[in-house]
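Student:
Chains as they are written, first to last, in the UniProt record's numbering: chain A, 1 to 137; chain B, 1 to 487; chain C, 1 to 153.
Here it is as structure tokens:
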């Protein structure tokens, strides 16, 4: 099986995101629709139900570097969140977060957002005290 | 081989494909394999009994309560679908004993496994009836200057199937468990939601099937190699002493004679689509008489159901696919790849001088006779016309399925929209305040545009639609029952 | 299936041995399905004297599936959007497995010579093209000078 090059892979992801084929609980899109390198992306995660995140919408920024998808993207929460895998001052998702640490070429931005959402819903994390809704890093 | 129901059974089919180590001693292997070919009833009995077992096993995994009839029904159909997929994958194995005029009944493997979605039973039938060319093993190159001996040596080295990509990125992370066991529930993470469990089940099933198919084909390829070696041994024995009994053994190998190998590949040509070199005669497009190999032909199909692509006025806002009438979904028959004539079809004129394999003489006894046609001419050679719909008879079912899926989705969207309005009459998009990439439910669904019907009218409409869809569903489920008729 | 199909090998060889005038296509060393492409702007078009860089990828199902092609050089054209994506029938519904890399690149060159604003990908450009063709073409020429300049030899 051949390897889809970075740019065509990102175009695929963009199309999937634009057409809304993905799950309802998260979304992503290009931050700058003029950027031919397709580096900066916006993402959102709808907080999982039965947790302190319920009904919240979290904004994130995702940066897909030149080695994406061989290397994972850099992900930063814009909306303030209290989660062990998120740097409490910068909002950056720590590189030891399991999806980033064990990154595989087959993973997409959607994989990452869904895994972050799952992380919010784990028994250890779902009742964590959260900052006021609407605050940003 | 007929499409016996026992073939559907996954567990046994897998064991069947594993060579039993006790069979592998050189002396007994041929006799056992032959026995297998000649007396399928024994195999059939064994397969049928374990089909019963696997159905029983399948039952064990279901909820016994039986209160939820519809969910039990659905489980059954998804299990049936899986069995059908396995049966299909088995049909795609290139078998060295199933040959027609020097070619095979299954493709060599130029295209990926999941793209082999044609009806394998139909295609096998067409090949046996000499209505399309068989699947020949391609040569990467051909050189006019090769001598007869060189060509035969090259053909002898050809595998039954192309090499497989064992480690697909897609299945990198997917556990497959013990392939001998028909179920794999233990591999599914029970902490996931029901929907995710189903998704995981589907992925594991696909990964397992992919792996199984490789093993099935590799086992067949092993048999093929063994037979080749055997044939060589017999040939050298024959050269030493003319022995009638070994000649008898040779008869059931289904391997081509040297004459057949030479005749096949000496007069081949390149397929203009895959650029590989195949024996002739080729299939030809009916419209412009261009050649096409069978492996490429079975890839050509109707476009997936889609909305008509119109030229639009850029000064008007584009319409969303969600707003379109599902009944407008279309799917045109494939065009000719060469001249774009609509309704692509091919014709095939079978060779009359080398009818071998199924419906002909044993391939190992073929002798080349210069100029002479071995078969008495029974008038006009028959030429049939095969379209790409012929080999995918389910295209209409697929189109209708897609239509009802869209209808259901738009009915759901309407329901959500209405329930939102019931809660909050001033309802507008709840999440419209966040930035553009938020999962915004498109507000411009059909209901919001048409003149406002009353709630009662809408409810009535929805109930009617739901009843109609469920009837249609049932109808569709009943229809494909008779598709497994054997040939 | 596992290795590079014969067809891709033969097409690549021919692109090198018998190149199309005004078009180059070279596979990347580490991915033989991924090509670096240049197309010269057609004469007497607003893209004249420009050299446009593109990327082309042959998906797994090529030739049953069309190649994927994208402009890397910014271009003002009604059928090419801001990300360089191209709206061209042979890349989508009218793809045929009998077409090749070279025919696709020739079609793209022809699209530069005759834009089709009635089947647009870049809506704003198409609108401009219909309402003010002279102005749109001037802008296309300007962008060609700005972004698609020939490299000094």
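Note that beta-carbon positions come from the ideal geometry of N, C-alpha and C, so glycine has one too.
1. Can you tell which of B:203, B:132 and B:257 has its C-alpha closest to the C-alpha of residue 82 of chain B?
2. If you compare alpha carbons, which of B:162, B:92 and B:136 is closest to residue 110 of chain B?
3. May I have the straight-line CA-CA distance separating residue 101 of chain C from residue 75 of chain C, to the nearest angstrom?
4. Along chain A, in chain order, which residues have C-beta atoms closer than 7 angstroms to that of residue 84 of chain C?
5. Determine the burial state of residue 94 of chain A: buried for a count of at least 16 other Cβ atoms within 10 Å of its Cβ, exposed for fewer.
6. Specify whether the stretch 118–132 of chain A and the stretch 83–90 of chain A touch according to this definition: at least 3 beta carbon pairs, one from each stretch, less than 8 angstroms apart.
7. Measuring CB to CB, does residue 106 of chain B end up less than 9 angstroms from residue 120 of chain B?
8. So residue 35 of chain C and residue 27 of chain C are supposed to be a Cβ contact under 8 angstroms. How far apart are they, rounded?
9. CB-CB under 8 angstroms to residue 108 of chain C, same chain, minus the five flanking residues each way: which ones, in chain order?
10. Using CA atoms only, rank isn't needed, just tell me which of A:47, A:117, A:105 and A:51 is closest to residue 3 of chain A.
11. Residues in the UniProt domain "UBC core" (3–149) of chain C with C-beta within 9 angstroms of chain A's C-beta atoms, listed in sequence order?
12. Against chain C, with Cβ distances strictly below 9 angstroms, would residue 16 of chain A count as a contact?
13. Please identify the residue among A:108, A:45 and A:63 whose C-alpha is closest to the C-alpha of residue 119 of chain A.
14. Answer with buried or exposed for residue 140 of chain B, where buried requires no fewer than 16 other C-beta atoms within 10 angstroms of its C-beta.
15. Looking only at its chain, what residues have a beta carbon closer than 6 angstroms to the beta carbon of residue 66 of chain C, apart from the 5 residues adjacent to it on each side?
16. Any chance you could list the beta strand (DSSP E) runs of at least 3 consecutive residues sitting entirely within the stretch 6–48 of chain A, in chain order?
17. Please tell me whether residue 71 of chain A has its Cβ less than 9 angstroms away from any Cβ of chain C.
18. Could you tell me whether the Cβ of residue 66 of chain A comes closer than 9 angstroms to any Cβ of chain C?
19. Please compile the residues from chain C whose C-beta is within a distance smaller than 8 angstroms of the C-beta of residue 33 of chain A.
20. Can you check whether the C-beta of residue 287 of chain B is within less than 9 angstroms of a C-beta belonging to chain C?
21. So, using beta-carbon positions, are residue 60 of chain A and residue 78 of chain A closer together than 9 angstroms?
22. For a quick check, are the C-beta atoms of residue 366 of chain B and residue 354 of chain B less than 9 angstroms apart?
23. Mapping the DSSP letters down to three states, classify residue 25 of chain C as helix, strand or coil.
24. Could you check whether residue 69 of chain A and residue 28 of chain A sit closer than 9 angstroms to each other, using their CB atoms as the reference points?
25. By the 10 Å Cβ neighbour count, where 16 or more other Cβ atoms means buried, how is residue 16 of chain C classified, buried or exposed?
26. DSSP state of residue 47 of chain C, grouped into three classes?
27. Between residue 143 of chain B and chain A, is the shortest Cβ-Cβ distance under 9 angstroms, so that the two count as touching?
28. Does DSSP classify residue 77 of chain C as helix, strand or coil?
29. Do residue 287 of chain B and residue 138 of chain B count as a contact pair if the criterion is CB distance below 9 angstroms?
30. Using the three-state DSSP reduction, which class does residue 104 of chain A fall into: helix, strand or coil?
31. Name the residues in the stretch 167–184 of chain B whose C-beta lies less than 7 angstroms from a C-beta of chain A; which are they?
32. Label residue 438 of chain B either buried or exposed according to how many other C-beta atoms from any shown protein chain fall within 10 Å of its C-beta, with 16 as the threshold for buried.
33. With a 10 Å radius around its C-beta and 16 neighbouring C-beta atoms as the bar for buried, classify residue 40 of chain A as buried or exposed.
34. What does residue 303 of chain B touch in chain C if you count any residue whose Cβ is under 8 angstroms from its own?
35. Using the C-alpha atoms, what's the distance from residue 164 of chain B back to residue 96 of chain A?
36. When you compare the CB of residue 5 of chain A with every CB in chain C, is at least one pair closer than 9 angstroms?
Tutor: Once the coordinates are examined:
1. B:203
2. B:162
3. 21 angstroms
4. 36
5. exposed
6. yes
7. yes
8. 5 angstroms
9. 39, 54, 69, 86 and 88
10. A:105
11. 4, 28, 30, 31, 32, 33, 34, 55, 57, 58, 59, 60, 68, 70, 71, 72, 73, 74, 81, 82, 83, 84 and 85
12. no
13. A:45
14. exposed
15. 91 and 95
16. 26–30 and 40–46
17. no
18. no
19. 82 and 83
20. no
21. yes
22. yes
23. strand
24. no
25. exposed
26. coil
27. no
28. strand
29. no
30. coil
31. 168, 169, 170, 172 and 173
32. Reliability of the predicted coordinates at residue 438 of chain B is poor, the pLDDT of 39 falling under 50, and the value obtained from them is presented with this limitation in mind. Flag for residue 438 of chain B reads buried.
33. exposed
34. 93
35. 35 angstroms
36. yes
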